[in-house]
Every structure is written in C-alpha cells, then in structure tokens.
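Worksheet: one structure, shown below.
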Amino acid sequence: MDALWLHIVQWLHAAGLHVDAGTAQAVAEQARHATGALDMPGLLALAAGLGWASGFRLYAVVFLVGGMGAAGWLALPEGLRILQHPAVLVVSGLLLCVEFVADKVPWFDSLWDAVHSVIRVPAGALLAAGVFGPDNGGMALAAGLLGGSLSATALATKMTARAAANTSPEPVSNWLLSFFEDGLVVVVVWLATQHPVAFGIALACMVALSVLLLVVLLKFLRAVLRRLSVFFSRPAAPATR
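Going by the numbering used here, the final residue of the sequence shown carries number 245, and the count climbs one at a time with no gaps.
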C-alpha cells in the first residue's frame, strides 16, 4: 500500500503537483482506517451488492472488488481474497473490456445477456456466499440465496429493458442504458463497501423499482408481440389484374 502511494506522489510530481510524502502517508493511513475489516452490516451490504451488481455487470464487479483488495483499499473477507489474484484480475479485466463493447451493440447485447444468464446468477450467489466463507456456513448459505435472488432480479430487469429498447430502430437508447449500467455498478460497489446503511436503503428502492419496471416492460413487450402477430397473420391482398 505504501509503495502504491509513493508511485502516486511521483506521478503527481511529474504532473507538476507537489505533494510531500508526509501528506501522502497521512492520506494512506486514513484510507487504511476507512477500509479496515468490515463489520456485520458491512458484510451484509457487500454480499447484497455483489449479488445485485453481478446480475448486470459480473466481470466489472469481480475486477473492481479484486482491484480494491489488491490495492489495499478494501480488506476483503477470506472467501473473496481469490478475487485479488493477478490472474483473476487479468481475465476479469479482459472480459470487462469485451462486455463493455458487446453491451453497446443493439440486439447482440440481448444475445450476450441470454448466454450469460447461466453464469451471472450462480456467480452472484457464489460471490455473496464468499463474503462469509466456509467457516460460517449458515450465513454463507443465507448470503448465497440472497445474492442469487438479487442477481436474478437485476438480470431479469436488464434483459427486459434491453429487449424493450431494441424495439426502437435508433441505437441511442441502448447506448444510454449501457452507460448507465457502467456507472451504476461503480456506485453500487462503492456504496456497499463504504456506506452499508445508505446502500441498504438504496437497494430496497432499486429492487422495488426493478419489480415495477418488470411489470411495465413486460406489458409493453406483450403489446409489441401482439401487434407483430396481427401484422404477420393478415391475409395477403389479392393481386390486381
């Protein structure tokens, strides 16, 4: 951690911003204190956050949390320390880049989500269970069930919203949704790790909003399918001589 802050100070000096080593060390100590061992509310928030965010940005979640652990910004529980392994960071970083591009392509994004539906929900459950680890089997099982349920809810909302957006011929709505999800995963991870109580309130609101969106969007998609069915079932007009 100290070496990281030394590199930051050197970079700031190269950019013309002179920060003495004592100031940088004080900031590092404050960061280390803020990201110490998580208490029970923090662990629950982390489990819920990992499960929820995995439903729409699995690779970003793995890369962000693993990177925070590797940098010393977050004291990862024993069951999640594998995320900060260099190999995991490299693979999740590469897949994050691929998903970032794939998620911006209309219709291909829905195909991508469909393929990853068999990955995201189990991964969300495993990540949530990993917060408590094998030494606390009861809490790990409960966290896994919670994480899997939240991941499934987030995935269903994402897939339904993308299917609705893909009915529009313009790609802008799809891009806006994708960039919104990119930012949302960062906010979710930050809130879950730094402000667990605020995250709990925000999560309850997001779940309620997701359920409402699912109902509205499913009605919209059913109406679109009915119109398409009527259109394609019309008898062909008789040829005129």
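Glycine residues also receive a C-beta, built at the ideal position from the N, C-alpha and C atoms. Computed from a prediction, not measured in an experiment: that's the story for all the values here.
- Secondary structure note for residue 85: it is in no alpha helix (DSSP H), with a DSSP letter that is neither H nor E.
- Pairing residue 137 with residue 148, the inter-Cα distance amounts to about 10 Å.
- One Cα belongs to residue 172, the other to residue 166, and the distance between them is close to 10 Å.
- CA-to-CA, the gap between residue 202 and residue 189 works out to about 15 Å.
- Sixteen is the threshold: when 16 or more other Cβ atoms of the shown chains lie within 10 Å of the Cβ of residue 60, as they do, the residue is buried.
- In this model, residue 212 and residue 70 are separated by some 29 Å (Cα to Cα).
- Cα atoms of residue 75 and residue 222: separation of roughly 42 Å, rounded to the nearest angstrom.
- Taking 8 Å as the upper bound for CB-CB distance, residue 135 and residue 96 are not in contact here, some 18 Å apart.
- Rounded to whole angstroms, the separation of the alpha carbons of residue 150 and residue 68 is 21 Å.
- Non-local C-beta neighbours of residue 192 in its own chain, meaning closer than 7 Å and more than five positions away in sequence, comprise 53, 56, 57, ordered along the chain.
- Taking residue 93 as the centre and dropping the five residues before and after it, the same chain places the C-beta of 67, 70, 71, 74 closer than 7 Å to its C-beta, in chain order.
- At a Cβ-Cβ threshold of 8 Å, residue 144 and residue 133 count as neighbours.
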